[in-house]
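The sequence shown begins at -10 in this note's numbering and counts up by one.
Backbone N, C-alpha and C fix where the C-beta goes; we use that ideal spot for every residue, glycine too.
All values derive from a computational prediction rather than experimental measurement.
Below is one structure, written out as structure tokens; comments come after it.
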Amino acid sequence: MESRAATILVVEDEPFIATAIAQRLSAEGFRVEVARDGLAAVDAAARLEPDLMVLDIMLPGLDGLEVTRRVQAERPLPILMLTARDDETDMLVGLGVGADDYMTKPFSMRELVARIKVLLRRVERATTAATQHQAEAPLVMGDLSIDRAQRRVVRAGVEAHLTPTEFDLLVMLASSPKTVLTREQLLAEVWDWIDASGTRTVDSHVKALRRKLGADLIRTVHGVGYAFEPPLESQ
Ligand code: CA
């Protein structure tokens, strides 16, 4: 149990599911707020500054993908996305726009709680790591600068807005330049858990990193994993 009750924003338009999730999370000791549509979710995320958001992808008004884009543009927020069964496209797009994890409906409440705790632990660990890196100079390679204390990334003078998961993945890859890391290694280190669809999760986040930082930084090693390619030193 976290020392302080984490606040979780639950975004779900189905009253039955929203209530069931809210009750279970309250019983687990979390502070819970529920939003029933996309605009209310964006508003509540700004107002409450929750520690995590559980977000249904199918919502009236703004859908979950648009909510993710808007919320992540304001500040990094761990997002666990709920998708319809087997809707893999939604899931992949969701991870690409900044969700950290996803679950397909129907899911068990026990599994939901477990995933939430893993995500919160990762954020806590990242905060601790940032403190440990406080005195360290940013990691600079060519036109890329990774500041682990501030958790900021700049490429060619432009700051890239990465989600917490994208940042952790980048640091993991960049810490071992030109070294192939398997998807399983990345999952174990960055995500803390492994499931059947997990390797797709890695792929989606790599895609997002390439979109935000340039396609040249991360090389795909087919059938194995990914390797970080340091940008060339500028002249
Ligand atoms: Ca829905």
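- Relative to the non-hydrogen atoms of ligand 1, the Cβ of L84 never comes closer than 7 Å to any of them.
- Remark: the shortest separation between the CB of L133 and any heavy atom of ligand 1 does not fall under 7 Å.
- Every beta strand (DSSP E) of 3 residues or more that sits fully in the stretch 111 to 194 is shown, in chain order, as 128 to 130, 133 to 136, 141 to 144, 147 to 149, 169 to 171.
- By the Cβ criterion, the stretch 187 to 206 is not in contact with the stretch 99 to 116, since fewer than three pairs of Cβ atoms, one from each stretch, lie closer than 8 Å.
- I207: member of the beta strand (DSSP E) spanning 207 to 210, first to last residue.
- Under the three-state reduction of DSSP output, G18 falls in the coil class, being neither helix nor strand.
- Approximately 11 Å separates the beta-carbon atoms of V0 and D52; this is outside 8 Å, ruling out the contact.
- By the C-beta density criterion, P67 is buried, having at least 16 other C-beta atoms within 10 angstroms.
- For D32, the uninterrupted alpha helix (DSSP H) segment begins and ends at 27 to 37.
- The way I'd put it, the stretch 85 to 97 doesn't touch the stretch 8 to 16; fewer than three beta-carbon pairs between them come closer than 8 Å.
- Proximity of the beta carbon of D45 to ligand 1 is indicated: a heavy atom of the ligand is located closer than 7 Å.
- A direct Cα-Cα distance of roughly 44 Å separates A163 from F5.
- Less than 8 Å divides the Cβ of T(-4) from the Cβ of L37.
- Contact fails between the stretch 121 to 136 and the stretch 90 to 104, because fewer than three Cβ pairs, one in each stretch, are under 8 Å apart.
- If you draw a straight line from the Cα of A24 to the Cα of S134, it comes to about 37 Å.
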